[in-house]
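Residue numbers (our numbering), protein chains in the order written: chain Y, 1 to 487; chain F, 488 to 966.
Even glycine gets a Cβ: it sits at the ideal position worked out from N, Cα and C.
First up is the structure itself, then whatever we jot down about it.
Shown next, in the form of structure tokens:
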């Protein structure tokens, strides 16, 4: 039996136990902790020399239609699995006491986590799609019950937007399936890729556009981004961590798995369009981020903006830029999860995240301000953190692609603007940091009771930051695995 | 085994139960329901016994092909579901029937669906217009009685009258259409219709089209396709809930089976099939748009399910519009099975919530999670499946239907279908909003479920999830 099956079954069993009345927090924490260990083990145990799909298992369902439950992982999936298990575990850890319906809260979180793990280790596009879509209803329920701000509107917006985006994606996948000759049709990722690489199936380029819109909505590519900021800022902390940290990366993952290898020509044909959209992500949303007056909105918009940089890595479409994009996906997933966790911790204490009502907190919360500082630096790409390694590789790759395309003007402009994006993110992140932690604190009624993070609360965030540092200093740990998958 | 035996066994079961009900009034009515259930289960298992070939006389009006057998089983399961639901509905029946004696009129409520089931089983086997007409009317007569069963409630009487008048009108259309077709082609057989039409001179085609049009109107009424769906919300709302479920599952399935048998013939005619299928595509689009967008505004759960039933007719018509693809028929059959399970689950939860909260508006579902987590989970899964979210049976249903539509190249229909799915997510999640986001009314108490109901609900949840991962057993039985 494939160990990947355990990754799915462990949280599933935990879910069943919780529904049967086991203590929710303890059970789910145990299951996700075991998942982290298993994820790390699989990551380290992967045979880098043999490469290819490992931990493979296939359960036939409808072999006539090429629809089977197929599990397997390569370097890319393992990186994403590591990210998923880590963020799930820390998200559960930082969850504050749940007053209303605790069992439901933890079941929803576990469901999201199960869906993500399943999506990243499925080799059949049907289950790849199906698993990621599991998150839709739990997220809807969670934002509506435990969210903050205008939570009901945010929940509806996210659900309808993502429902629509995923359905368009589904049509794209079915169209891709039907593009193959009828006796060879399969939903298997490997078969789909092989058929088009050997010129047996000729999927039309409008299918690429369907996939672009579908995955683009999930990734919050401009102009399909407007669901993201409100969702992240309204969602309860762990949901925001999982959604922004991992669920969003599913769109990019799918794009790398499906769109890029099957449509190399269409990627080039529509590169101008995608470059335009991603530049909008960086410039337009970058400036929108600067204008934000609340910490959660700043992080939410910044995470939308960073997707532009990752997309540049995808369309530049060479091994340098792609491995950079994957590294940035990993780094961004960890850093944005850490930021949302800290943002939630801050909200618990001050009851507000508006910059006008905050200030001078560095002396009150030394630990919190140190951690936010580290996470901020990681997210704006300070050398030493994984995000930097990812961004620099993307820019190298994009530059290489300018040279390959004989000085293509569009690529040159997009690359320059993306580099400018680092400056933009430095502006808003540093301003946010200054306005929260320096200066003077406006008068609050109950500010005397505010206490700093305890060591127990610091630990999960430290884990995330340490991993960012390790990967930042030694990116080869992930790159060596990722590059085997990309070849 | 002689194929005709299945329906005969059911009719005998029904008559025996009626006799028991009439001559030994001391037997508790619930026992009658259990006997009926056991009888139906026995007949259900009998359908797997290999059938003898039909005699030449029967083969002219009766068939036992895969579709017929599949839908016979489907009808049996639907009837069993209806009876199981009715067990939880007894208190409402007791209040709704004016009588001196306690429990009067309840026995028949469990027995009448058996007759409806028998006629539906005849109907799905019908290959001649006479057989089709007679069995269709048999079923409708049972429905006339059961829809207005709660005689104290004016809404039930209204529903019964509406159904009676419109159904009679449809019958008129059907008979008139049949007589035109018989007049032109000289045959009553549906299976030989295409062959007979091919021999016709071009001058008689107008009368033929007229007949076909009339018959299609009648079928569209039965499946509640736009623009013949206006009867449906009022009838659904007024009818006893188990009968609503029966109407929305079994009656719809029967309508689709006869529609398919009829269209399969027209599909063989090169000069006609493009036009007819363009018409079906148009009907599918309009039904999808009407059903889904009208459902969005509903505040009553039964009406919501009524409009959702129209919406599902639209999805099923998408499969009918792509009958040329080999997967279309299995896709349709699978959709029906998924629809049976998820609709039955939704209706069971509705019955229990109505009984414990005093109404069937969506706001009665508020805080259901707090009152009964199992019911909340059941409703969540039913709604997710109806909305077509992955890893539920409903998703596979939609998945196959959209696949055949794409394969057939109906791009306009796909666009409308996509809009409908998104609208569907909205109105099905509206129920979840009430269940989870909102607090229960202060006087609402926790709901205690009987073991039988708990078991039934858990089984249905399990079936939805299992079919959501492995559709093969159902899908392959129709290939």
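- In the three-state scheme derived from DSSP, where H, G and I count as helix and E and B as strand, residue 294(Y) is classed as strand.
- Within 8 Å of the CB of residue 919(F), the CB atoms of chain Y belong to 137, 140 and 141, in sequence order along the chain.
- Check the Cα spacing between residue 141(Y) and each of 966(F), 587(F) and 916(F): the tightest is with 916(F).
- DSSP places residue 860(F) in the helix class (H, G or I) of the three-state scheme.
- Relative to the Cα of residue 436(Y), the nearest Cα in the group 464(Y), 193(Y) and 376(Y) belongs to 376(Y).
- In this structure, 276(Y) is the residue among 123(Y), 276(Y), 466(Y) and 268(Y) with its C-alpha nearest to the C-alpha of residue 223(Y).
- The Cβ atoms of residue 87(Y) and residue 219(Y) do not sit closer than 8 Å to each other.
- For residue 58(Y), the enclosing beta strand (DSSP E) covers residues 54-62.
- The Cβ neighbour count for residue 315(Y), taken over all protein chains shown within 10 Å, is at least 16; the residue is labelled buried.
- Sorting 587(F), 593(F) and 569(F) by C-alpha distance to the C-alpha of residue 579(F) places 593(F) at the top.
- Residues of chain F with a Cβ closer than 7 Å to the Cβ of residue 164(Y) are, in chain order, 909.
- Chain Y places no beta carbon closer than 8 Å to that of residue 776(F), leaving this residue out of the contacts.
- The three-state secondary structure of residue 158(Y), taken from DSSP, is helix.
- Counted as a single uninterrupted DSSP element, the beta strand (DSSP E) harbouring residue 70(Y) occupies residues 67-73.
- For the 8 Å CB-CB criterion, residue 956(F) and residue 878(F) form a contact.
- Considering only beta carbons, no part of the stretch 533-554 of chain F lies closer than 7 Å to chain Y.
- When DSSP states are grouped into helix, strand and coil, residue 795(F) belongs to the helix group.
- Going by beta carbons, residue 432(Y) and residue 295(Y) fall inside the 8 Å limit.
- Taking the C-beta atoms as reference points, residue 180(Y) is found no nearer than 8 Å to residue 207(Y).
- Less than 8 Å divides the Cβ of residue 300(Y) from the Cβ of residue 233(Y).
- The beta-carbon distance between residue 177(Y) and residue 481(Y), rounded to whole angstroms, is 29 Å. This is too long to meet the 8 Å contact definition.
- Residue ranges of uninterrupted alpha helix (DSSP H) with 4 or more members, entirely inside the stretch 883-957 of chain F and ordered along the chain, are 898-919 and 938-956.
- Taken in chain order, the members of the stretch 881-912 of chain F whose beta-carbon sits within less than 8 Å of a beta-carbon on chain Y are 882, 886, 889, 890, 893, 894, 901, 905, 908, 909 and 912.
- Contact residues of the stretch 383-405 of chain Y toward chain F are absent (C-beta to C-beta distance below 9 Å).
- Counted as a single uninterrupted DSSP element, the alpha helix (DSSP H) harbouring residue 366(Y) occupies residues 366-379.
- Straight-line spacing of the CA atoms in residue 536(F) and residue 819(F) works out to 25 Å.
- Looking at the DSSP output, residue 124(Y) bridges to 188(Y).
- Within chain F, the residues whose beta carbon sits less than 9 Å from that of residue 175(Y) are 893, listed in sequence order.
- With 16 or more other Cβ atoms from the protein chains shown falling within 10 Å of its own Cβ, residue 576(F) counts as buried.
- Listed by position along chain F, the residues whose Cβ is nearer than 7 Å to that of residue 159(Y) are 912 and 916.
- Secondary structure at residue 354(Y): strand, using DSSP grouped into helix, strand and coil.
- When DSSP assignments are scanned along the stretch 227-291 of chain Y, no uninterrupted stretch of beta strand (DSSP E) that is 3 or more residues long falls wholly within it.
- Residue environment analysis places residue 293(Y) among the exposed positions, since fewer than 16 neighbouring C-beta atoms fall within 10 angstroms of its C-beta.
- Residue 114(Y) counts as buried, since at least 16 other C-beta atoms from the protein chains shown sit within 10 angstroms of its C-beta.
- Relative to the Cα of residue 887(F), the nearest Cα in the group 519(F), 802(F), 777(F) and 664(F) belongs to 802(F).
- Against chain F, the CB of residue 114(Y) has no partner CB under 8 Å away; the residue lies outside that interface.
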